[in-house]
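The sequence shown begins at 1 in UniProt numbering and counts up one residue at a time.
Glycine included, C-beta positions come from ideal geometry on N, C-alpha and C.
Keep in mind the model is a prediction, meaning the values are calculated, not measured.
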Amino acid sequence: EDEVELIKAYKTNTHSFYLFTNSVIVCCEVTSQAYCRIRKRDSFWSIMGSVLSWLGYGVDTGRTDDADPLTKLTSRDRYLVKKSWESIVMKQPTEYGIRLFMRLFEIQPNHQKPFPFRDIPTQELPKSKKFHAHCNSVIYSVGSMVGAIDDNELLESIGLKIGSNHKTRSVDRQALKDVKQAMTDVFSFMTKEELDAWSRALDIGLKYMTQGIEERK
Numbered sequence: 001e002d003e004v005e006l007i008k009a010y011k012t013n014t015h016s017f018y019l020f021t022n023s024v025i026v027c028c029e030v031t032s033q034a035y036c037r038i039r040k041r042d043s044f045w046s047i048m049g050s051v052l053s054w055l056g057y058g059v060d061t062g063r064t065d066d067a068d069p070l071t072k073l074t075s076r077d078r079y080l081v082k083k084s085w086e087s088i089v090m091k092q093p094t095e096y097g098i099r100l101f102m103r104l105f106e107i108q109p110n111h112q113k114p115f116p117f118r119d120i121p122t123q124e125l126p127k128s129k130k131f132h133a134h135c136n137s138v139i140y141s142v143g144s145m146v147g148a149i150d151d152n153e154l155l156e157s158i159g160l161k162i163g164s165n166h167k168t169r170s171v172d173r174q175a176l177k178d179v180k181q182a183m184t185d186v187f188s189f190m191t192k193e194e195l196d197a198w199s200r201a202l203d204i205g206l207k208y209m210t211q212g213i214e215e216r217k
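Structure, rendered in structure tokens:
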């Protein structure tokens, strides 16, 4: 009863529209047919991921010799990042957001100052709903970049936008480096191959964010 089935697909020359029993509609620039079963509690990106998986996107090719000329990410890198994100982080987005920020504030306590929860003692943050809301929001922002990892132009646009938005919050290069360190520490339970893929993905994502911050100066 907690599953949702694809009940109808509409095809045009360039797009396919998928209607699910919970009224979720997904539009893809593809012409292949697809069928999948998803759960009502799945996020938009989970739904999209299910559809794209049935269409052959996001499949692990195992290739490590096809690095993108711009991002330097291989097919294997992108697969590992997306798979670990959806199967682990997005199962508990708020919890992983809390872990990320708590580690970030351990690395540099001053990073808490620009946030609206600056006056809450650090040790009390995990109990704050205001803090939870921000943690959740950040995880979904990162998720938007993970979802665009196969489209460098889109990935760049999202990174620039996120960076531009953070310029007014006194975020600088060092803060972004600390974010990478915090995420790497939070993901320390992953395999070395997954961590290496994440390191490369974070480098390109933070590069675009840094550009977005500096372009607004």
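By DSSP, does residue i sit in helix, in strand, or in coil?
i      : result
Met190 : coil
Leu70  : coil
Gly163 : helix
Thr210 : helix
Asp178 : helix
Ser23  : With a pLDDT of 46 at Ser23, under the threshold of 50, the predicted position of this residue should be treated as unreliable, though the coordinate-derived value follows. Correct three-state label for Ser23: coil.
Thr64  : coil
Val171 : coil
Arg118 : coil
Would residue i and residue j qualify as a contact pair, given that the criterion is a beta-carbon distance under 8 Å?
i      : j      : result
Cys135 : Phe187 : no
Arg200 : Leu104 : no
Leu202 : Lys167 : no
Gln108 : Thr122 : no
Leu80  : Ala182 : no
Thr184 : Leu195 : yes
For a cutoff of 8 Å on Cβ pairs, would you count residue i as touching chain D?
i      : result
Lys113 : In the structure shown, chain D cannot be found, because there is only a single protein chain.
Determine the closest residue to residue i out of the options, with distance taken between C-alpha atoms.
i      : options                          : result
Leu70  : Gly62, Asp150, Glu86 and Pro109  : Asp150
Ser84  : Glu193, Ile204 and Ile213        : Glu193
Ser141 : Asn110, Lys177, Glu153 and Gly97 : Gly97
To the nearest angstrom, how far is it from the Cα of residue i to the Cα of residue j?
i      : j      : result
Pro114 : Arg63  : 42 Å
Asp172 : Glu156 : 18 Å
Gln211 : Arg78  : 22 Å
Ile139 : Pro93  : 6 Å
Arg99  : Ser144 : 19 Å
Met190 : Gln174 : 25 Å
Ile204 : Lys129 : 31 Å
Lys82  : Ala148 : 10 Å
Tyr208 : Asp66  : 22 Å
Phe131 : Phe117 : 7 Å
Glu95  : Val89  : 8 Å
Using 8 Å for Cβ pairs, my map puts residue i next to residue j. What's the rounded Cβ distance?
i      : j     : result
Asn165 : Asp68 : So it is not a contact: roughly 25 Å between Cβ atoms.
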